[in-house]
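Here's the structure, in structure tokens; my notes come after.
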Amino acid sequence: MSRDKQGELITVTGPVFGDEGKAKIVDWLAWNNPTVAAVARYQGGDNAGHTVVVGRQEYRFHYVPSGILAAQQKKLMCVLGRGMVVSLPRLFAEIQQLAQLGVEVNPSNLLISQGIHLTLPYHMALERARESGGARKDTTKKAISQTYGFAHLYQGVRAGDIVGDVRRVSQLIDEPLAWANAILTEVYGELRISKQEVMSEIEDHRRRLSPFLHNEIKFLNTCLDKGSSVICEGAQGGMLDVDLGIYPYTTASNTWPAAIQHGCGLDPRRITRQIYVVKAYLTRVGQGPLVSEIPDDDERGKIIRERGHEYGTTTGRPRRVGWFDQIIGRFGRAISPPTELAITKADVLSGLDLRVCVDYKMGGVILSIFPTSMITLQACQPIYQDFTGWDEDITGASCWDDLPSQCQNYLKKAPSCYGAPITMVGTGPERNQIILV
Ligand code: IMP
């Protein structure tokens, strides 16, 4: 099949610390692009919290791709790719909660990769034990790193493994369970997890899971080959990538667009639109350096947090707030330059004088490149450029020309570090509060 005829492959990712409002952009594209046949997640798990607001109704997704609302009306398949990790009780609880809101999720609109790794009770016990044993306390407590960790030790259990012969499943969990129990009891002095507990969780869900399972690689590539478009929805953000982010203050998966390759079997060279969703300021949940963090005695940080509802969708924790950081932007541009930008939450900044972090300095030295060493990063100080803000409420703006000139100036200059045009500006939480540029 000639690649000239392929459909669009659109990635929607965040290059910073997540929580940029990717879901709203994915939902918009799924509704408005007539050729979209699939919306796929390819990494992470329910550590993600994706929100779409339609009128007074707020839909929160943790596993299910944000394209599911469009899938209620048009023929479109949502996909969970093999780069994800999934706890079946939590996935089916989410499906049930969505059903209560009138969103039907079933095998006709959700495809789950046979290769997805499952989060099981011993992963959860290890995550709890690590935390109470003094390890980092800022994870979302979903055992994301435990599940990926066991997968890398060749001790994972994948969705396709549990739908066949139950004796085989039982054998499959013997080694990881023994391993987990040794750590739980010897290292942390915790109680063992019984095999019965693990098997009954599997038994409770495996029949229900079976009709959802397919080969997502074949499905997604066929969509593209036939001229239909595919949207890949990222979770977390580039600076939380386990290899390219600020390790160890990262999540356990690869979050940049190229992760679609091992996350759902799509060749990154087929990407036609690489959209970075970038918030007009910075937030971060959890620990780790945040060079442009707004200090506690600057009221603007609190105003932004309250106005922007900067509390974790998954954990409810207050997010740390910082000024837009061009060093991080230049890092993203170097790793994987976007073709376009969607800027979100500019409306939150109305009435504030603004700053943009344009460089870092350490001692007297200006660093023009994002430092990958944690020690260097912790010693960095921000260098700011000040921007005059705007007083107008921009939540009702419907085109670029409706935006005040100071807002236009800020939006042109702050994200210029990404070297890509802005094609969308979010002006409020609602689905239709979006300006196409
Ligand atoms: P984990 O992914 O639960 O292991 O958490 C590791 C780190 O990533 C923690 O600091 C979390 O707060 C952060 N994190 C995980 N998922 C998200 C997300 O969707 N948005 C923002 N931060 C996240």
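With the working numbering, you'll find the sequence shown wraps up at 457, consecutive numbering, no jumps.
Heads up, the beta-carbon is just placed ideally off N, CA and C, and yes, glycines get one too.
Please read these numbers as outputs of a predicted model, since none were measured by experiment.
Nearest in C-alpha terms to T396, of all of Y380, G184, I403, is Y380. Contact holds between the region 351-370 and the region 430-439, because three or more Cβ pairs, one in each stretch, are under 8 Å apart. By the 16-neighbour rule on beta-carbons within 10 angstroms, E253 is buried. Taken in chain order, the unbroken stretches of beta strand (DSSP E) that lie wholly in the region 30-82 and span 3 residues or more are 56-61, 70-74, 77-81.
Of the residues F351, G101, G409, the one whose Cα lies closest to the Cα of S370 is G409. Of the residues assessed, G352 falls on the buried side of the cut-off, its CB having 16 or more other CB atoms within 10 angstroms. Taking C-beta atoms under 8 Å as the contact rule, V99 and E236 qualify, at a distance of about 5 Å.
If you check the CB distance, L374 and I323 do not come in under 8 Å. The beta carbons of T271 and G64 sit closer together than 8 Å. In the structure shown, K432 falls within a helical segment according to DSSP collapsed to helix, strand and coil.
Taken through DSSP and simplified to helix, strand or coil, Y404 comes out as strand. For the 8 Å CB-CB criterion, P358 and C377 do not form a contact. Bridge pairing for Y296: T33, L361 [DSSP].
Runs of the alpha helix (DSSP H) lying entirely within the region 373-427, each at least 4 residues long, are 394-398 in chain order.
For the region 94-153, the continuous beta strand (DSSP E) assignments of 3+ residues that do not extend past its boundaries occur at 97-100, 130-133, in sequence order.
Within a 10 Å sphere around the beta-carbon of A198 sit fewer than 16 other beta-carbons, which makes this residue exposed. Burial check for E313: the Cβ neighbour count within 10 Å reaches 16 or more, so the residue is buried.
Of D287, L138, C243, the smallest CA-CA separation from I193 is found for L138. For G247, same chain residues with a beta-carbon under 6 Å away, outside a window of 5 residues either side, are K25, G27 in chain order.
Distances from the CA of K215 to each of E223, Y208, G209 were compared; the closest alpha carbon is that of E223.
In this structure, I386 keeps its C-beta atom at 8 Å or more from the C-beta atom of C419. In the three-state reduction of the DSSP assignment, E217 falls in the helix class, which pools H, G and I. Every beta strand (DSSP E) stretch that sits fully inside the region 222-260 and reaches 3 residues is listed by chain position as 249-253. Residue pairing of I454 in beta bridges, as defined by DSSP: G446. Its chain contains M382 as the residues whose beta carbon lies nearer than 6 Å to that of A399, once the 5 sequence neighbours on both sides are disregarded; these appear in chain order.
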